[in-house]
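Each residue of the sequence shown is one higher than the one before, starting from 591 at the first, in our numbering.
Ideal Cβ positions, reconstructed from N, Cα and C, are used throughout, including at glycine.
Here is the structure we will look at, set down as structure tokens.
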Amino acid sequence: QLQQQCLAYSVDNGYNWMMYKQNPIIGNPGILDFRDPKVFRFDNYYVLVLAAGNRVLSTNLLQWHYLSEFGANHGSHDGVWDINPGGPNGGSATQYFIGTFDGEKFENINSAEKTLWIDYGPDCYAGITWFGTSNKNRCFIGWMNNWNYGNNVPTTPWRGQMTIPRTLSLAEIGNDVYLISQPVPMLAKLQDSKHKLIYPKEIRLNVGSSILLSGGAHLQSQAFDVKIIFDVNDLKEDDYFELIFANKAGEYISLSYSNYDKMYRFDRSHTNEVNFHNSFTRVSEAPRLINDRFIMKD
Numbered sequence: 591q592l593q594q595q596c597l598a599y600s601v602d603n604g605y606n607w608m609m610y611k612q613n614p615i616i617g618n619p620g621i622l623d624f625r626d627p628k629v630f631r632f633d634n635y636y637v638l639v640l641a642a643g644n645r646v647l648s649t650n651l652l653q654w655h656y657l658s659e660f661g662a663n664h665g666s667h668d669g670v671w672d673i674n675p676g677g678p679n680g681g682s683a684t685q686y687f688i689g690t691f692d693g694e695k696f697e698n699i700n701s702a703e704k705t706l707w708i709d710y711g712p713d714c715y716a717g718i719t720w721f722g723t724s725n726k727n728r729c730f731i732g733w734m735n736n737w738n739y740g741n742n743v744p745t746t747p748w749r750g751q752m753t754i755p756r757t758l759s760l761a762e763i764g765n766d767v768y769l770i771s772q773p774v775p776m777l778a779k780l781q782d783s784k785h786k787l788i789y790p791k792e793i794r795l796n797v798g799s800s801i802l803l804s805g806g807a808h809l810q811s812q813a814f815d816v817k818i819i820f821d822v823n824d825l826k827e828d829d830y831f832e833l834i835f836a837n838k839a840g841e842y843i844s845l846s847y848s849n850y851d852k853m854y855r856f857d858r859s860h861t862n863e864v865n866f867h868n869s870f871t872r873v874s875e876a877p878r879l880i881n882d883r884f885i886m887k888d
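So this is what it looks like as structure tokens:
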């Protein structure tokens with residue numbers, strides 16, 4: 591059965607929805623994957639992008655005509671773009687392209703073979719951006735799961751969640767432009783200022799040494815916001831550091847950085863209930879892109 595594009599509309603600000611009687615508004619021209627539309631406003635008309643690579647135009651959201659397509663030979667094609675099983679750490683992921691759009695055609699400013707990822711975590715997929723919000727920055731929310739093991743995740747106490755909302759922006763790093771993703775500032779309002787732990791501004795570690803940072807009895811919670819600044823400019827070529835979050839049961843997660851290959855690594859294989867699929871315990875890797883000190887949010 592071929593996929594096609596249909597329309598539903600609301601006349602009461604989204605409380606109730608009705609199907610347009612003359613659906614589909616865009617019929618399938620015979621393409622297997624013809625799905626996941628994204629509609630945005632450009633000048634005085636609407637533009638719709640489909641996972642099939644087509645881009646169409648409309649002035650009224652009902653009648654559409656073809657404009658252009660993008661994607662052939664650009665970025666990663668290890669999987670179909672709408673379900674993308676070819677992520678950098680296995681399974682689902684989201685790649686992006688930076689370029690210009692003149693209202694009809696998108697031009698990638700990077701070389702066709704360059705692949706860029708929203709992030710390198712295994713659990714951020716099928717994200718969408720929101721229009722018309724009070725925040726001027728573009729807000730992004732994704733599905734916090736992965737098709738490699740999404741159907742195997744235990745259902746107790748629940749299964750399925752969305753990512754933390756994040757703002758998207760562009761930044762120049764060296765001679766390149768990258769998409770920057772940061773948690774939305776509004777999350778700070780959820781922090782409990784009464785239970786805050788601040789360590790000295792600077793802690794130095796010698797090679798082969800470690801330090802235990804204990805939260806104390808007053809930090810009894812299942813969720814923490816941790817902000818740590820690492821200055822790695824003085825590391826030797828083969829230096830390595832690791833940050834471990836552990837509990838009394840011996841469970842822990844590890845976040846590390848190797849100056850030898852300039853890679854960050856995240857290991858969650860030593861936490862509770864992780865044996866439901868071997869892909870879930872895979873150590874995720876991400877390359878370091880900047881040379882200055884960095885702020886890591888966990």
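Quiz item: Can you give the beta carbon distance from arginine 756 to proline 744, rounded, assuming they're within the 8 angstroms contact cut?
Solution: The residue given as residue 756 occupies position 166 in the sequence shown. The residue given as residue 744 occupies position 154 in the sequence shown. Incorrect: roughly 26 angstroms between the Cβ atoms, too far for contact.
Quiz item: If you draw a straight line from the C-alpha of alanine 662 to the C-alpha of lysine 826, how long is it?
Solution: If you number the sequence shown from 1, residue 662 lands on position 72. If you number the sequence shown from 1, residue 826 lands on position 236. If I take the Cα positions, the gap works out to 42 angstroms.
Exercise. Could you name the residues of the same chain whose beta carbon sits closer than 7 angstroms to that of proline 877, not counting the 5 residues immediately before and after it, in chain order?
Key: For this step, residue 877 is matched to residue 287 along the sequence shown. So the list reads Lys852, Met853, once near-sequence residues are dropped.
Quiz item: If you draw a straight line from the alpha carbon of isoleucine 621 to that of valine 601, how long is it in whole angstroms?
Solution: Mapped onto the sequence shown, residue 621 falls at position 31. Mapped onto the sequence shown, residue 601 falls at position 11. So the two alpha carbons sit approximately 33 angstroms from each other.
Practice problem: Report all residues from its chain with a CB closer than 6 angstroms to the CB of lysine 695; omit the five preceding and five following residues, and keep chain order. | Solution: Counting from 1 along the sequence shown, the entry for residue 695 is found at position 105. Ser658.
Quiz item: Whose CA, out of Trp720, Ala641, Tyr635, lies closest to the CA of glutamine 685?
Solution: Here residue 685 corresponds to residue number 95 of the sequence shown, with the count starting at 1. Answer by Cα proximity: Ala641.
Quiz item: Given glycine 711, which residues of its chain have a CB within under 7 angstroms of its CB, disregarding the five upstream and five downstream residues?
Solution: One-based indexing of the sequence shown puts residue 711 at position 121. Cβ within range, chain order: Ser874.
Quiz prompt | Runs of alpha helix (DSSP H) lying entirely within the region 670–707, each at least 4 residues, in chain order | solution = none
Exercise. Check the C-beta distance from serine 844 over to aspartate 857 and give it rounded, since I have them as a contact under 8 angstroms.
Key: Counting from 1 along the sequence shown, the entry for residue 844 is found at position 254. Counting from 1 along the sequence shown, the entry for residue 857 is found at position 267. Their Cβ separation, rounded to whole angstroms, is 4 angstroms, which keeps serine 844 and aspartate 857 in contact under 8 angstroms.
Quiz prompt | Closest by C-alpha distance to aspartate 713, when choosing among Tyr739, Asn698, Lys726 | solution = Within the sequence shown, residue 713 is the residue found at index 123, counting from 1. Here the closest residue by C-alpha is Tyr739.
Quiz item: Would a C-beta distance cut-off of 8 angstroms place serine 869 and arginine 855 closer than the cut-off?
Solution: The residue you call residue 869 lines up with position 279 of the sequence shown. The residue you call residue 855 lines up with position 265 of the sequence shown. Cβ distance not < 8 angstroms, so serine 869 and arginine 855 don't count as in contact.
Quiz item: Out of Thr746, Val822, Asn735, which has the shortest C-alpha to C-alpha gap to asparagine 796?
Solution: Here residue 796 refers to the residue found at position 206 when the sequence shown is read from its first residue. Considering only alpha carbons, the answer is Val822.
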